[in-house]
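J.: To convert, note that position 130 of the sequence shown is 130 in my numbering; the numbers rise steadily by one, no gaps.
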Amino acid sequence: FKDDKPLKNIINHFNTEKTTLTAWFKANAIYPEARGLIYADFSTHTFKEAYIALGLLQDDEEWNQCLAEAKQIQSGAQLCYLFATLLIFCNPTRPEILWKNHISALSNDILFQVCYNTGNMMLELMDANIYNRALHYLQTILNRHKRHLDEFLNMSLPTTFLNNEQINHLISEEQQYDIEELTKLIENNLLCLNIEQQAMYISIIAAMEARISSRYVKVMRLKTNMRLLQSANEPDAKAQEEFAKWLLKIGEGHIPSINRLEKDIIQILRNFVLPSQDINSLIHFVYPNLFLHSNSWYLVEYAILTSKNDYVDVINFTIMSQFSGEAVEYLSANTTEKHTESEHQYLIEFLNSLSAG
Numbered sequence: 001f002k003d004d005k006p007l008k009n010i011i012n013h014f015n016t017e018k019t020t021l022t023a024w025f026k027a028n029a030i031y032p033e034a035r036g037l038i039y040a041d042f043s044t045h046t047f048k049e050a051y052i053a054l055g056l057l058q059d060d061e062e063w064n065q066c067l068a069e070a071k072q073i074q075s076g077a078q079l080c081y082l083f084a085t086l087l088i089f090c091n092p093t094r095p096e097i098l099w100k101n102h103i104s105a106l107s108n109d110i111l112f113q114v115c116y117n118t119g120n121m122m123l124e125l126m127d128a129n130i131y132n133r134a135l136h137y138l139q140t141i142l143n144r145h146k147r148h149l150d151e152f153l154n155m156s157l158p159t160t161f162l163n164n165e166q167i168n169h170l171i172s173e174e175q176q177y178d179i180e181e182l183t184k185l186i187e188n189n190l191l192c193l194n195i196e197q198q199a200m201y202i203s204i205i206a207a208m209e210a211r212i213s214s215r216y217v218k219v220m221r222l223k224t225n226m227r228l229l230q231s232a233n234e235p236d237a238k239a240q241e242e243f244a245k246w247l248l249k250i251g252e253g254h255i256p257s258i259n260r261l262e263k264d265i266i267q268i269l270r271n272f273v274l275p276s277q278d279i280n281s282l283i284h285f286v287y288p289n290l291f292l293h294s295n296s297w298y299l300v301e302y303a304i305l306t307s308k309n310d311y312v313d314v315i316n317f318t319i320m321s322q323f324s325g326e327a328v329e330y331l332s333a334n335t336t337e338k339h340t341e342s343e344h345q346y347l348i349e350f351l352n353s354l355s356a357g
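1) Please report the straight-line C-alpha distance between Ser324 and Pro275, rounded to a whole angstrom.
2) State whether the region 235-252 contacts the region 198-205, with contact taken as three or more CB pairs (one from each stretch) at a distance under 8 Å.
3) Check whether the region 79-93 and the region 139-152 touch, using three or more Cβ-Cβ pairs below 8 Å as the test.
4) Kindly indicate which three-state DSSP category Leu157 falls into: helix, strand or coil?
5) Leaving out five residues on either side along the sequence, give the residues of the same chain with a beta carbon under 7 Å from the beta carbon of Asn164.
6) Could you tell me which whole alpha helix (DSSP H) segments of length 4 or greater appear in the region 247-274?
7) The ligand FAD heavy atoms versus the CB of Asn188: any closer than 7 Å?
8) In this structure, how does DSSP classify Val300 when only helix, strand and coil are distinguished?
9) Straight-line CA distance for Lys245 to Pro95?
10) Between the C-alpha atoms of Cys81 and Ile141, what's the straight-line distance to the nearest angstrom?
11) Are three or more beta carbon pairs between the region 64-81 and the region 93-107 nearer than 8 Å?
12) What's the C-alpha gap between Leu305 and Gln322?
13) Would Ile250 and Ile258 be called neighbours here (beta carbons separated by less than 8 Å)?
14) Using the beta-carbon count (16 or more within 10 Å), is Asn132 buried or exposed?
15) Cα separation between Phe112 and Ile186?
16) Secondary structure at Cys192, three-state DSSP: helix, strand or coil?
17) Do you know offhand how far Ala29's Cα is from Arg35's?
18) Quick check: Leu222 and Glu196, are their CB atoms within less than 8 Å of each other?
19) Please classify Leu56: is it buried, with 16 or more other beta-carbons within 10 angstroms of its beta-carbon, or exposed?
20) What's the C-alpha gap between Cys192 and Met208?
21) According to DSSP, is Asn164 helix, strand or coil?
22) If I'm right that Thr93 touches Asp60 with Cβ under 8 Å, what's the distance once you round it to whole angstroms?
23) Starting from Gln277, trace the alpha helix (DSSP H) in both directions and tell me its first and last residue.
24) Since Ala134 contacts Leu106 with CB under 8 Å, what's their CB separation in whole angstroms?
25) Looking at the secondary structure, which residues open and close the alpha helix (DSSP H) in which Tyr137 lies?
26) Can you give me the start and stop residues for the alpha helix (DSSP H) that Val314 sits inside?
27) Taking Phe243 as the reference, which of Phe272, Val219, Gly253 has the closest Cα?
28) What do you reckon, are the CB atoms on Ile279 and Val314 nearer than 8 Å?
29) Where do the ends of the alpha helix (DSSP H) carrying Pro95 lie?
30) By how many angstroms is the C-alpha of Leu79 removed from the C-alpha of Arg215?
31) Please return the same chain residues whose Cβ sits closer than 7 Å to the Cβ of Phe350, not counting the five positions on each side in sequence.
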């Protein structure tokens, strides 16, 4: 209103009865959750639902799908780690809805853990107690990253356990190992140790059993390259040994650089370079008979390293085109961290167009 406008007219103006400020007062009187909002955040929170409906804010469908797929193969504890990762790094729009939609999967092994820790496999707990323990576990994970649940709007907070029960999850995890299974594993693996490893193992076990305490540390060294011993045949083992020695010489600076070039440029031995510069030849060398292997472990046992992301995209596309079946596309939403200086703000489209290397 203008300074010269009569005060009576201002008071009687119909729009002055409902302002953002008066709505904030009214919301505080009616809704308990509104009392946790300061006036500056009130309008942003109020219109958040409308923004999502209009598509002005990204929704959480990709995170919802991520959790839905993960719960098919992951335990509740592992899902809690995933949920904490989403909270910290992915900024979900409505984390409380995500938690509510997947609470059963996120807490599916809580009852078993409590029964195991207490030694009472017949113990029964109410759902509210189980969900509360899941929140406690989620908070424990966040604490490791110096974060807290109350930083995430509308997320439920855990209440104190009955009798002020506190669970040290690190101790709990250590107590859950199968001692008999680990003992058998050690006995079987002892046969695979070389002489150096066996001597080191015996020395360490003897010190532990004797409970030797010392202010000094004994340095023990392993000099046998076990990867060379795992080769399937003699020629392969010899080639790997030659390559390992060559890498050591590079690291120690014993390989001379090429004359008339920069001093850190060396000549790669011919037997380490593929005769063909074709991408398909490289793929066939690293993954022979690729189309015969549908097991994912076959792919993760080897890797092709590149200097630029562009090369990664080309190689990935070439490999994927050799697989039969329908391709599945996974979408993601990228966001940048907030920065106080405007000159450091870049468009996401620009950042996505960059190629490292």
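Glycine residues also receive a C-beta, built at the ideal position from the N, C-alpha and C atoms.
Source: prediction; values computed, not measured.
T.: Concretely, from the data shown:
1) 29 Å
2) no
3) yes
4) coil
5) A caution first: Asn164 carries a pLDDT of 41, below 50, which makes its placement in the model unreliable, though a value can still be read off. Contacts found: none.
6) none
7) With respect to the ligand FAD, the structure offers nothing, as it holds no ligand at all.
8) helix
9) 52 Å
10) Going by the sequence as given, residue 81 is Tyr instead of Cys. Taking the straight line joining both Cα atoms gives about 7 Å.
11) yes
12) 19 Å
13) no
14) buried
15) 27 Å
16) coil
17) 8 Å
18) yes
19) Note that Leu56 scores 48 on pLDDT, short of 50, meaning its location in the model is unreliable; the coordinates nonetheless yield the value given after this. With fewer than 16 other Cβ atoms within 10 Å, it is exposed.
20) 22 Å
21) In this prediction, Asn164 has a pLDDT of 41, which is less than 50 and means its spatial position is unreliable; nothing more can be read from the coordinates.
22) 5 Å
23) Where Gln277 is concerned, there is no enclosing alpha helix (DSSP H), given that its DSSP letter is neither H nor E.
24) 5 Å
25) 127-144
26) 309-320
27) Phe272
28) yes
29) 95-101
30) 42 Å
31) none
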